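All residue numbers for the sequence shown refer to full-length UniProt numbering, where the first residue is 1 and numbers rise by one.
To start, the structure under review is shown below, and the notes come after it.
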Amino acid sequence: MREDFNHEFARVSGTLVTMAKAVRETMRQAGAALLAADPTLAQQAVDRGVEIGVLHRVAEDRAYDLVATKHPAPAELRMVLTAVNVAADLKRMGELAVHVARSTLRRNPAPAVAPELAELFHAMNAVADELAGKIVAALAGHDAVLAAQLDGDDDEMDRLHTRLFSVMLSPEWPLGVEAAIDGALLGRYYERFADRAVNVGQHVMELAPA
């Protein structure tokens with residue numbers, strides 16, 4: 001790879017790392033707000049989502065400027081396009097975290113999570129944070145081994161998602177349709193967050209040196 005291309009691509013990579021850190025913090029705030037029914041913390045997560053959108057535009061602009069000014073070779077162009085895909089997946093992860101936060105705001109002052117589901121969502125928060133933390137480390141270190149672990153973490157989120165529906169569809173479910181709909185929507189946000197994290201991991205493996 002050319003030295004001038006590597007220098008400019010490092011700026012794109014740095015923006016992705018910053019973006020991944022913001023995504024992790026947004027989901028941390030959103031998940032904590034959800035379990036505590038804390039509208040202040042939920043609003044902070046929503047506000048941080050705006051920051052993620054700005055970082056996405058910065059990452060895209062830097063990537064497209066790199067194509068326009070450095071005329072990358074085919075292998076270099078693939079790296080740039082992969083970085084653009086990472087940015088898009090991170091943006092969507094941020095949006096999903098904001099959806100979680102807005103669920104808290106929508107139900108305020110009542111909790112958005114039924115007490116019967118709190119333990120499951122606590123576990124989902126832990127898996128989401130693990131996924132987001134590995135993305136930050138994998139992007140920062142171009143670590144394909146760490147990126148490959150994301151698929152297994154996604155399996156754990158899928159198991160939790162299945163358990164969530166088992167509880168809500170049980171004949172013993174005491175809270176009716178509205179609480180089940182809230183739980184189903186929230187579960188979907190977490191599941192899609194994990195799916196996007198796997199996408200990022202696959203892209204990181206493409207970017208990692210052989």
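All C-beta atoms in this analysis are idealised placements derived from N, C-alpha and C, irrespective of residue type, glycine included.
Keep in mind it's a predicted model, so treat the numbers as computed, not measured.
For the pair residue 189 and residue 99, the CB atoms are nearer than the 8 Å cut-off. For the options 10, 76, 19, 184, the alpha carbon positioned closest to that of residue 92 is the one of 19. Apart from the 5 residues on each side of it in sequence, residue 25 sits with its Cβ closer than 8 Å to the Cβ of 48 in its chain, given in chain order. DSSP places residue 103 inside the alpha helix (DSSP H), whose first and last residues are 74-107.
One Cα belongs to residue 112, the other to residue 38, and the distance between them is close to 10 Å. Listed in chain order, the non-local C-beta contacts of residue 62 below 7 Å within the same chain comprise 11, 12, 15, local neighbours out to five positions each way being set aside.
If you ignore the 5 residues before and after residue 41, its C-beta comes within less than 7 Å of the C-beta of 29, 32, 33, all in its own chain and listed in chain order. For residue 166, the enclosing alpha helix (DSSP H) covers residues 150-168. One alpha carbon belongs to residue 89, the other to residue 133, and they sit about 15 Å apart.
Separation of residue 81 and residue 199 (C-alpha to C-alpha, rounded to the nearest whole angstrom) is 14 Å.
Here residue 196 is buried, its C-beta having at least 16 other C-beta atoms within 10 Å. At a Cβ-Cβ threshold of 8 Å, residue 84 and residue 51 do not count as neighbours.
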